[in-house]
Every structure is written in C-alpha cells, then in structure tokens.
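Data first, discussion second: the structure below is written as structure tokens.
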Amino acid sequence: YELFSMTAAAAAQGLGLALVPRLLVEPELARGELVVACDQVLPGDRAYYLLQPERAEERPALSGFKAWLREAVKSETTPGP
200 YELFSMTAAA
210 AAQGLGLALV
220 PRLLVEPELA
230 RGELVVACDQ
240 VLPGDRAYYL
250 LQPERAEERP
260 ALSGFKAWLR
270 EAVKSETTPG
280 P
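If you read the sequence shown in our numbering, its first letter stands for residue 200, the second for the next number, and so on.
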C-alpha cells in the first residue's frame, strides 16, 4: 500500500501485518483493533512496529516472518568489526 493508513487498515481487517510508525496507529492500538506483534525497537531517528489484529491466531507463516524480521533487525543493529 502507498499509505501507512491503508496498510494499518488492511492489517486491522485481518489481511496481514503492518510495518508502520507506532505514532500513526495509536488510536487503533488504544481501541484494541491492532496489537504490537513484535516489540523490538531499532535505534535511530525512525521506528516501525509490526502490528497484527488482536484476534489473529499465531500461524506458522506469521511466526516465521517475525523470526526473520528479528534476525534482520539484529544484523542491522549489531556493530561490525
């Protein structure tokens, strides 16, 4: 989707996950329409949160994606030699 709002709306409808700035989905989080699926934060001037509908069941594909994302984030935040 071109807009974070469209991405968040799709996630709230159960169409997948949304990787968006938390600030933009605070109302949906407060209403329980979305929950933070991965609370790992990247240091820097930008932050994104992996969101999923609260009612979403944990599927193998979702678990695999979250594991992959955590590893990708870890490699981005680990200082090199």
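Glycine included, C-beta positions come from ideal geometry on N, C-alpha and C. Note that the structure is a prediction, hence the values are computed from the model and not measured.
Nearest-angstrom beta carbon gap, residue j and residue i [assumed within contact, 8 Å]
i: Leu-250; j: Val-234; result: 7 Å
i: Pro-259; j: Gly-213; result: No, Pro-259 and Gly-213 are not in contact; Cβ-Cβ is about 17 Å, not under 8 Å.
i: Glu-232; j: Ala-211; result: 5 Å
Contacting residues, own chain, Cβ-Cβ under 6 Å from residue i (five flanking each side not counted)
i: Phe-203; result: Val-219 and Leu-223
i: Tyr-248; result: Arg-221 and Val-235
i: Trp-267; result: none
Close beta carbons around residue i, own chain, < 8 Å, minus the five adjacent residues each side
i: Glu-256; result: none
Cβ pair residue i, residue j closer than 8 Å
i: Cys-237; j: Lys-265; result: yes
Counted within 10 angstroms of its Cβ, other Cβ atoms place residue i as buried (16 or more) or exposed
i: Glu-270; result: exposed
i: Ala-207; result: buried
i: Glu-227; result: buried
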